[in-house]
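Enquirer: Pasting in a structure now, in structure tokens, and then I'll have a few things to ask.
Protein chains: 2
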Amino acid sequence: MSRTASESRHAMKSSLARMLGVLDLFSEDEPVWTVDAAALQLGLTRATAYRYVGELCGAGLLMRVAQGAYSLGPRIIELDRQIRQRDPLLAIGGRVMRDLLAPDRGQVILLCDLFRDKVLCTHQMSNGASLALSYTRGRPMPLFRGATAKAILAHLPQRRLMQLYVQNQAAVAHAGLGNTYDEFVAALKPLRQQGYVVSHAEVDPSVVGIGVPLFGGGRAVIGSLSIVFPSERYPRRQEAHLAADLQRASAALSAEIGRQAAPPRGGRGRAAPSQRAKPRSRAPA
Amino acid sequence: MSRTASESRHAMKSSLARMLGVLDLFSEDEPVWTVDAAALQLGLTRATAYRYVGELCGAGLLMRVAQGAYSLGPRIIELDRQIRQRDPLLAIGGRVMRDLLAPDRGQVILLCDLFRDKVLCTHQMSNGASLALSYTRGRPMPLFRGATAKAILAHLPQRRLMQLYVQNQAAVAHAGLGNTYDEFVAALKPLRQQGYVVSHAEVDPSVVGIGVPLFGGGRAVIGSLSIVFPSERYPRRQEAHLAADLQRASAALSAEIGRQAAPPRGGRGRAAPSQRAKPRSRAPA
DNA sequence: TTCCATTATCCCATATTATGAGAATCTGCA
DNA sequence: TGCAGATTCTCATAATATGGGATAATGGAA
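Chains A and B, in that order, give the protein sequences.
When we follow the working numbering, the leftmost residue of the first sequence carries the number -1, and every step to the right adds one.
When we follow the working numbering, the leftmost residue of the second sequence carries the number -1, and every step to the right adds one.
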């Protein structure tokens, strides 16, 4: 493992990753940054920090709101719209999600992604102005509480579970998922086998949720699909039915997604990438 | 200008920019991409394309939805929420925007950014379910039609106007802003001098809008603030009043933003970056 | 199950390109 | 008008991104 003499400074992330790290600085507490502050925080040179910020501004991911003041940029909003409009999951899942709203009992349908050891709600659907949930679009939630989260958790591969456990021992215990790794795994097993998870007021009081995992491509979980009721209107009798509906929806989603990916073939297959004639004008150098 | 022997391939954009270019591929028509297709489209090697996509997935800006299928990722949704929650413009402008909704006439308040020769609506505020506008949050709109757009256009620096003109001669003419550059500039002058722009059904039929520019830091326009009415409820009498209100709001916004940026000083100044004690754990190297 | 077409990762020498230090310039507020 | 801070430049150097192709994983079909 002889590394000539580099290390010392950067945690050997590629410069690409280092630059994207700038985006992580912008939090609810500190939504506006100075280039110098960012440089300091990330251990970058002033020059480099200016270069990064410059690039990111050029891409619209950052924006200069005033002299020495940068914040997240408009491109993010544009990209978000692109997702709302054409996210493949939503495109496919839209119908099935709407179907689940059928008998209106104040329920909300959530489509969530697994992201960085967190659950992130990416799409939300309801009949009207509905119950105030902690799960808001775009808000990362912990992976250990609530049906939405556990539906994912229960299907994570061993390796990942182990990592998660050692890094979140306290949270796991606090969520009642066991005081040892073995207990943790044992607690998840029935959830995985059952194929769906029901939770009562684990995240928000007076809220009941049913969640099922969502598989992308092969076997890997990429998120979950769940339905959430205000507990006083929760149709307990139909729990199994609802769960089955969710599972069916999830399966349809996974299948369809697999199909979307398919057609690199030249035939009639359409959908995917399909490099059009490429008329983009580029300086021919 | 001797450049040893590089050029030929990349349009001499930094690798950072090249990588971010991947994000631009995802459009409404093609929301899912194969790595190979992306490589082809952008003129990248397979290896490099995989590296870029890998990085972007790591940052959550992209996501692998299935084998060989990538789409925009959840981090974008998270960042968008961060903006909705804490965008400095919105944070400051929230109150003034709300005030403008006071006598409910079905109006909508728009906060837009200038972005890449387009107007991009970043925040939208209304009383209830309201008129269907072409201006949707995150949708880029042309710079030549509508009060929202022209309010920005009228205050762009000469250089920028010239560029814009040569690249959009047809659009300018079609918008009735002149058939020569001089006419174009002449058409904008009164709008700039008046300080606000009123438009009738220029973007959507039966819609009237009043827009004022928004200045960031120094003199540069960074966006616009506008109010939009269904034309049958438009209070023509109060046009001047409304415009003045908007201008006041805009001025307040600009001023406050300038303040936000200020306090790199150690004193009582708070707000901005303020590198806190920095307890973040980093390998001390 | 086995096979096949793709997708994805690895490897490593090389050159491209990002980097850092500080001077020079610009900016906007007082 | 002046000044402090913000931003851009310059350039030599080292770091590291690149590319080509071999290799390994993957998932669907037979």
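For every residue, glycine included, the Cβ atom is placed at its ideal position computed from N, Cα and C.
Just so you know, these numbers come straight off a predicted model, no measurement behind them.
A/Gly209 and A/Val328 - do their beta-carbons sit closer together than 8 angstroms?
Expert: Any question about residue 328 of chain A goes unanswered here, given that chain A covers just -1 to 283.
Enquirer: Jot down the residue ranges of each uninterrupted alpha helix (DSSP H) in the stretch 175 to 205 of chain B, minimum 4 residues, whole runs only, in chain order.
Expert: Runs of the alpha helix (DSSP H) inside the stretch 175 to 205 of chain B: 179 to 192.
Enquirer: Rounded to whole angstroms, what is the Cα-Cα separation between A/Ser132 and A/Asp202?
Expert: So the alpha carbons of these two residues sit roughly 7 angstroms apart.
Enquirer: Does the distance from the C-beta atom of A/Gly216 to that of B/Gln65 stay below 8 angstroms?
Expert: Result yes, Cβ atoms of A/Gly216 and B/Gln65 sit closer than 8 angstroms.
Enquirer: Please list, in chain order, all residues of the same chain as B/Ala15 whose beta carbon is under 8 angstroms from its beta carbon, the five residues on each side excluded.
Expert: Excluding positions up to five away in sequence, the list is empty.
Enquirer: Does chain B have any CB closer than 8 angstroms to the CB of A/Arg96?
Expert: It does not; no Cβ of chain B falls within 8 angstroms.
Enquirer: Which residues in chain B have a C-beta closer than 9 angstroms to the C-beta of A/Asp243? List them in chain order.
Expert: Result: empty, since nearest Cβ-Cβ is about 22 angstroms, beyond 9 angstroms.
Enquirer: Using three-state DSSP, classify B/Gly207 as helix, strand or coil.
Expert: In this structure, B/Gly207 counts as strand in the three-state DSSP scheme.
Enquirer: Is there at least one Cβ from chain A nearer than 8 angstroms to B/Glu26's Cβ?
Expert: For B/Glu26, the answer is yes, since a Cβ of chain A falls inside 8 angstroms of its Cβ.
Enquirer: So, do the stretch 29 to 38 of chain B and the stretch 61 to 77 of chain B have three or more beta carbon pairs nearer to each other than 8 angstroms?
Expert: As far as the Cβ criterion goes, the stretch 29 to 38 of chain B touches the stretch 61 to 77 of chain B, which means the pair count is three or higher.
Enquirer: Use the C-beta contact count for A/Asp78: other C-beta atoms within 10 angstroms, 16 or more gives buried, fewer gives exposed.
Expert: The residue is buried, with at least 16 neighbouring Cβ atoms inside 10 Å.
Enquirer: In chain B, what lies closer than 7 angstroms to A/Arg78 by C-beta?
Expert: The question names Arg, but residue 78 of chain A is Asp in the sequence shown. What A/Asp78 touches in chain B: Ile74, Ile75, Asp78, Gly136.
Enquirer: Quick check: the Cα distance between A/Ala250 and A/Ala89, rounded to an integer number of angstroms?
Expert: Spanning the two alpha carbons is a distance of roughly 12 angstroms.
Enquirer: For A/Pro155, which residues in the same chain have their Cβ closer than 8 angstroms to its Cβ, ignoring the five residues on either side in sequence?
Expert: Only Ala218 meet the Cβ criterion.
Enquirer: Using the Cα positions of A/Leu99 and A/Leu118, report the straight-line distance between them to the nearest angstrom.
Expert: The alpha-carbon atoms of A/Leu99 and A/Leu118 are separated by roughly 21 angstroms.
Enquirer: Using CA coordinates, which residue listed in B/Ser222, B/Ala242, B/Arg235 is at the minimum distance from B/Lys116?
Expert: Residue B/Ser222 is the option with its Cα nearest to B/Lys116.
Enquirer: Is the beta carbon of B/Arg103 closer than 8 angstroms to that of B/Arg231?
Expert: Result yes, Cβ atoms of B/Arg231 and B/Arg103 sit closer than 8 angstroms.
Enquirer: Distance cutoff 8 angstroms, beta carbons only. Does B/Ser69 sit that close to anything in chain A?
Expert: With 8 angstroms as the cut-off, B/Ser69 counts as an interface residue toward chain A.
Enquirer: Between B/Thr120 and chain A, is any beta-carbon pair separated by less than 8 angstroms?
Expert: Chain A contact via Cβ: present.
Enquirer: Would you grab the beta carbon distance between A/Gly207 and A/Thr146 for me? Rounded to a whole angstrom, and I think it's under 8 angstroms.
Expert: Right, the Cβ-Cβ distance comes to about 6 angstroms (below 8 angstroms), so this counts as a contact.
Enquirer: Using CA atoms only, rank isn't needed, just tell me which of A/Lys11, A/Phe142, A/Met123, A/Ile75 is closest to A/Arg93.
Expert: Closest by alpha carbon: A/Met123.
Enquirer: Going straight from the alpha carbon of B/Pro261 to that of A/Val30, what length do you get?
Expert: Caution applies to B/Pro261, whose pLDDT of 46 falls short of 50 and renders its modelled position unreliable; the value that the coordinates give is listed next. Cα to Cα, the separation comes out at about 12 angstroms.
Enquirer: Residue ranges of each beta strand (DSSP E) run of no fewer than 3 residues wholly in the stretch 46 to 73 of chain B, ordered along the chain?
Expert: Entirely contained in the stretch 46 to 73 of chain B, the beta strand (DSSP E) runs reaching 3 residues are, in chain order, 60 to 64, 67 to 70.
Enquirer: Determine, for B/Arg84, whether the minimum Cβ-Cβ distance to residues of chain A falls below 8 angstroms.
Expert: True, the Cβ-Cβ gap to chain A drops below 8 angstroms.
Enquirer: Within its chain, find whatever has a CB closer than 7 angstroms to the CB of A/Val170; leave out the 5 residues flanking it on each side and keep chain order.
Expert: Around A/Val170: Phe142, Tyr163, Gly176, Phe182.
Enquirer: Does B/Gln80 pass the burial test, meaning 16 or more other C-beta atoms within 10 Å, or should it be called exposed?
Expert: The residue in question, B/Gln80, is buried, as its Cβ has 16 or more Cβ neighbours within 10 Å.
Enquirer: List, in chain order, every chain B residue whose beta-carbon is nearer than 8 angstroms to that of A/Ile150.
Expert: In chain order: nothing, as chain B lies at least about 13 angstroms away.
Enquirer: Please list, in chain order, all residues of the same chain as A/Arg158 whose beta carbon is under 6 angstroms from its beta carbon, the five residues on each side excluded.
Expert: Excluding positions up to five away in sequence, the list is empty.
Enquirer: For B/His198, count the other beta carbons within 10 Å of its own beta carbon; 16 or more makes it buried, fewer makes it exposed. Which is it?
Expert: Answer is exposed; the Cβ neighbour count stays below 16.
Enquirer: For B/Gly193, I'd like the list of residues in its chain whose CB is within less than 7 angstroms of its CB, leaving aside the five on either flank, ordered along the chain.
Expert: Cβ neighbours of B/Gly193 beyond the five flanking positions: Val210, Gln245.
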